[in-house]
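Please read the structure below before turning to the comments.
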Amino acid sequence: MKILIIEDDPGSAEFIRLAVQLGFPGVELYTAQSGGEGIDLFGQNNPDVVLVDLRLPDIHGFDVVKQIRSSSSVPIVILSVIGDEEAVSRGLDSGADAYMIKPLKQAELIGRIKALFRKTSSESTEQSLRFGMLRLNVEDRSLAYADKEVFLTDIETRIMKLLIERQGLLAGYEDLSREIWGSTNPKSPNALKVHIRHLREKLETDPDNPKLIQNQFGQGYYLVKPQQYLRP
């Protein structure tokens, strides 16, 4: 297992490094003190998980996440002292799979990484799913249509997986919540909106007037077979 840590504060980086080594004996660790260095190390080493601080000296953490996400579906965890709702929503919008607020707890950090890695590993055995011209590969979290391909986050992949499996039928809020967060960690319908919005921005020509991912008010979401309204 390979983990990339992008953190400019030496004390925080050391805490994360020791926690990861404790939770994952034999792990290969790569540490960057700036966004640019982190992006370079990512390209050189193809890590299994990326941990990103937001306050970097050269590039904002959100932009680092976006750049990595544009070419990869690797699990990304944002680590930040900023914990307001707007920052968390923006972090998830940028493509992160999880957002953790500092000061970090060692057990929580290890548990979050294990959960993301476990989801990625379990999905690698599944076949690709199709709906019209859409083809979802759950192994690498890519969604292809026509001659285009976009990469999704872990949560976005889970949403699209259930919606495609329903083949145009409604997926209720409860079903989506269970698919994404598990039955022991239910979320409100509002928690889905950030991820649905990001999917629409990736896929639809006009995200404010969605045609692919439709909402049935008070009940859930469903897909309409894609045509010309997909993003070119």
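Our numbering numbers the first residue of the sequence shown as -4 and each following residue consecutively.
Cβ atoms here follow ideal geometry from the backbone N, Cα and C, with glycine treated the same way.
In chain order, what residues of the same chain lie with their CB nearer than 6 Å to the CB of residue i, ignoring the 5 residues before and after it?
i	result
V83	Y94
F10	none
E2	A8, D48
D135	S68
Skipping 5 residues on each side, what residues in its chain have a beta carbon closer than 8 Å to that of residue i?
i	result
I(-2)	V15, F19, V22, E23, L24, Y25, P42, D43, V44, V45, L46, I108
R85	F57
Need the endpoints of the beta strand (DSSP E) that residue i sits in, please.
i	result
N40	Run containing N40: none in the beta strand (DSSP E); it sits in the alpha helix (DSSP H), 30 to 40.
T233	No answer is possible for residue 233: it lies beyond the span of the chain, which begins at -4 and ends at 227.
S137	137 to 140
E144	143 to 146
With 16 as the cutoff for other CB atoms within 10 Å, does residue i come out buried or exposed?
i	result
L207	buried
K100	exposed
M128	exposed
N132	buried
A27	buried
L13	exposed
D79	exposed
Please list, in chain order, all residues of the same chain as residue i whose beta carbon is under 7 Å from its beta carbon, the five residues on each side excluded.
i	result
Q211	L165, Y217
G90	V60, K61, R64, I71, T148
Identify the residues that DSSP records as bridge partners of residue i: which are they?
i	result
N210	Y216
V47	I1, I73
R125	R130
Less than 6 Å separating the Cβ of residue i from some heavy atom of the ligand GTP?
i	result
G31	With respect to the ligand GTP, the structure shown offers nothing to examine, as it has no ligands at all.
Determine the extent of the alpha helix (DSSP H) in which residue i is found, giving its start and end residues.
i	result
L171	168 to 176
D58	56 to 64
Which ranges would you report for the beta strand (DSSP E) in the segment 68 to 120 if only whole runs of at least 3 residues count?
Whole beta strand (DSSP E) segments, 3+ residues: 71 to 75, 93 to 96.
What are the start and end residues of each continuous alpha helix (DSSP H) run of 4 or more residues lying completely inside the segment 2 to 27, in chain order?
Within the segment 2 to 27, complete alpha helix (DSSP H) segments of at least 4 residues are found at 5 to 18, given in chain order.
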